[in-house]
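Count along the sequence shown from 1, then add 658; that gives the number in this note's numbering. Working notes, structure below.
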Amino acid sequence: MKVEYQITMERTQRIALSFTADNDELAEEMAHELCTNATPSDFASGDEERDYALCDSGGTLIKDWD
Numbered sequence: 659m660k661v662e663y664q665i666t667m668e669r670t671q672r673i674a675l676s677f678t679a680d681n682d683e684l685a686e687e688m689a690h691e692l693c694t695n696a697t698p699s700d701f702a703s704g705d706e707e708r709d710y711a712l713c714d715s716g717g718t719l720i721k722d723w724d
């Protein structure tokens with residue numbers, strides 16, 4: 659008998675940008691703007707990490723997140 663399974667996956671992409679600011683408050687505002695306006699193509703040169711968890715249809719965990 660076949661058992662039904664569910665896989666939950668996530669993909670994290672990160673990039674690091676350097677910029678200058680006159681103070682912490684201004685740096686936070688600039689960082690927020692950079693993050694808000696980032697597009698998928700901005701992440702093309704960054705790192706990528708993938709992970710998953712697997713359970714059966716009864717909710718038994720087969721593999722947990724790393």
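A virtual CB, placed ideally from N, CA and C, is assigned to each residue, including glycine.
- S676 and N695 have their C-alpha atoms roughly 15 Å apart.
- Collapsing the DSSP output to three states places T694 in a helix.
- The Cβ-Cβ distance between S703 and Q664 does not fall below 9 Å.
- Here D722 carries a coil assignment [DSSP, helix/strand/coil].
- Membership of M667 in the beta strand (DSSP E) is indicated by the continuous run Y663 to R672.
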